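In terms of our numbering, the sequence shown opens at residue 1172 and continues consecutively.
Glycine is no exception: its CB is placed at the ideal position from the N, C-alpha and C atoms.
As the structure is a computational prediction, the values presented were derived from the model and not from experiment.
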Amino acid sequence: MRFEYQVLDFSDLETKLIATINMYELFDAQLSLKLARENVQVSLCSWFMDGGGGLEWVCKAAHVGLPEEETGLPEFNEFLDIIVNAALQVLSPYSTDALLLRSLTVYERYPTLMNLCTLCENAIPEELRPMLTFYSAIAFSGTGKPLKAMTHFNLASKGITNMNKALFVALSPIGQPSQEINLGDYYVTALRYLHEHRHSEEVVEMARSAVASLPPGHECTSRIYVTLFNHLVNQGNWCDALQSIIQNT
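Printed below as a string of structure tokens:
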């Protein structure tokens, strides 16, 4: 009697195992990044869960409710198990939620945001690159590098035209279905960051290129022209400011 043995594809299993190990090594490196809190260096994990709105954000992203104060121990233990598993999912470096990047952006921790983007740059899946490029642009803007910020905002805009899900998630409210963002709304958002960080020259340049890239009569064109006009006036470029009004009529 002959026995037939099933041949296992160990090379495929090895590839999957290596990918899993690499993902968790990146996960650990992310959570171990340092930033200052009350003049003390803490890990990104500690900052996020304690002062960066982490628990609430994880609950929103995972659609898990916070426990009531009178919740008993069994119910709390069940919640803890759920929230830990949810955190592993939504905080993963391969997650489209990108809560660590978003939290650092909201709380304006731009140097750490830059470090996190750099850490992930060569390690994330291709489908997450437009989203990471967008957050890199914000980090460059917030750390006083407006030219690099503008370049990265323009690069990330390709994710809008390519209907990139991760970028749509980054531009949508936490825990809600991602919304399709048009190119005009994207540029309005990008210009807002450059404006908030007082990069007036880059605002003018990007506003002009944004208007040129949008189809005639686009709903966001007037808003972008208003931004352009205000910055030209602040720069004392009266003729260009007047010309922007004429172009918008």
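For S1343, no beta strand (DSSP E) run applies, since DSSP gives it neither H nor E. E1373 is a Cβ neighbour of M1321, given a cutoff of 7 Å.
A buried status is given to Y1396, since no fewer than 16 other beta-carbon atoms sit within 10 Å of its beta-carbon. Under the three-state reduction of DSSP, K1205 is assigned to strand. For the pair L1287 and Q1201, the Cα-to-Cα distance works out to about 7 Å.
In the structure shown, V1211 adopts extended strand secondary structure according to DSSP, grouped into three states. Note on geometry: alpha-carbon atoms of L1197 and A1258 lie some 15 Å from one another.
Looking only at P1344, N1405 and A1378, the smallest Cα-Cα distance to Q1418 is reached by A1378. Cβ neighbours of M1194 within its own chain (closer than 8 Å, five residues either side excluded): S1263, P1264 and Y1265.
S1349: not part of any alpha helix (DSSP H); DSSP gives it neither H nor E.
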